[in-house]
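Numbering-wise, the sequence shown is residues 5 to 158 according to this note's numbering.
Note that CB positions come from ideal geometry on N, CA and C, so glycine has one too.
Below is one structure, written out as structure tokens; comments come after it.
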Amino acid sequence: MSSFNTIQSTIRDVQFGENVKLVEPCNLYECKIGDDSFIGPFVEIQKDAIIGDRCKIQSHSFICSLVTIGNDCFIGHGVMFVNDVFSSGTPAGGDTTQWKPTTIENHVSIGSNATILPVSICSHTVIGAGSVVTKDITEPGIYAGNPAVLIRRL
Numbered sequence: 005m006s007s008f009n010t011i012q013s014t015i016r017d018v019q020f021g022e023n024v025k026l027v028e029p030c031n032l033y034e035c036k037i038g039d040d041s042f043i044g045p046f047v048e049i050q051k052d053a054i055i056g057d058r059c060k061i062q063s064h065s066f067i068c069s070l071v072t073i074g075n076d077c078f079i080g081h082g083v084m085f086v087n088d089v090f091s092s093g094t095p096a097g098g099d100t101t102q103w104k105p106t107t108i109e110n111h112v113s114i115g116s117n118a119t120i121l122p123v124s125i126c127s128h129t130v131i132g133a134g135s136v137v138t139k140d141i142t143e144p145g146i147y148a149g150n151p152a153v154l155i156r157r158l
């Protein structure tokens with residue numbers, strides 16, 4: 005017979021702002037979530053991640069360590085943030101010194117199933133569904149594709 009260990013999803017050591025709404029199950033630990041934000045089901049937000057005020061994080065999204073999301077942001081269903089770029093040719097694993105940060109400024113909308121590598125995205129930007137953001141975005145606009153490129157200025 006096979007044996008296995010289960011680990012329950014948890015909400016542990018989270019700094020919640022006022023009027024935060026979350027739908028369980030979710031896995032949130034050692035992170036910060038701002039006022040009036042919403043966290044959907046099946047979301048994981050890891051240690052040292054920061055979610056600003058009035059953000060909406062939809063279901064099945066993964067926000068890893070070292071991600072900072074500004075105020076008034078929308079993160080669609082199934083959005084994946086990445087902090088390990090395999091700089092040594094293999095996964096960093098527990099070597100957090102190889103992880104890279106991601107910064108999402110204010111009023112950013114990220115469409116469902118987008119993948120966000122360690123980058124900075126400026127305020128007033130829209131990332132299309134399914135896009136892969138591989139480089140910093142410094143000009144407001146609508147970006148889409150793999151890799152994401154500017155489609156239209158805002």
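{"Query": "Buried or exposed for N150, please, with buried defined as at least 16 other CB atoms from any protein chain shown within 10 angstroms of its CB.", "Result": "exposed"}
{"Query": "Just to confirm, is the Cβ distance from S116 to V153 under 8 Å?", "Result": "no"}
{"Query": "Residues in the same chain with beta-carbon distance under 6 Å from S65, minus the five sequence neighbours each way, listed in chain order, please.", "Result": "V47, I79 and V83"}
{"Query": "Roughly how many angstroms lie between the CA atoms of T101 and G132, to the nearest whole one?", "Result": "31 Å"}
{"Query": "Which one or two residues does DSSP pair with V112 in a beta bridge?", "Result": "T129"}
{"Query": "Please check the pair G4 and I108, which I expect to be a contact at CB under 8 Å, by giving their CB distance rounded to whole angstroms.", "Result": "With the chain represented from 5 up to 158, any question about residue 4 goes unanswered, as that position is not in the structure."}
{"Query": "What residues in its chain sit with their C-beta under 7 Å from that of F90, if we drop five residues either side in the sequence?", "Result": "none"}
{"Query": "Terminal residues of the continuous beta strand (DSSP E) containing T72?", "Result": "V71 to I73"}
{"Query": "Find the nearest neighbour of I61 within the set N9, T138, G98 and V112, judged by alpha-carbon distance.", "Result": "V112"}
{"Query": "So, is S41 buried or exposed, given that buried needs 16 or more other C-beta atoms within 10 angstroms?", "Result": "buried"}
{"Query": "Just to confirm, are G21 and I37 a CB contact at a threshold of 8 Å?", "Result": "yes"}
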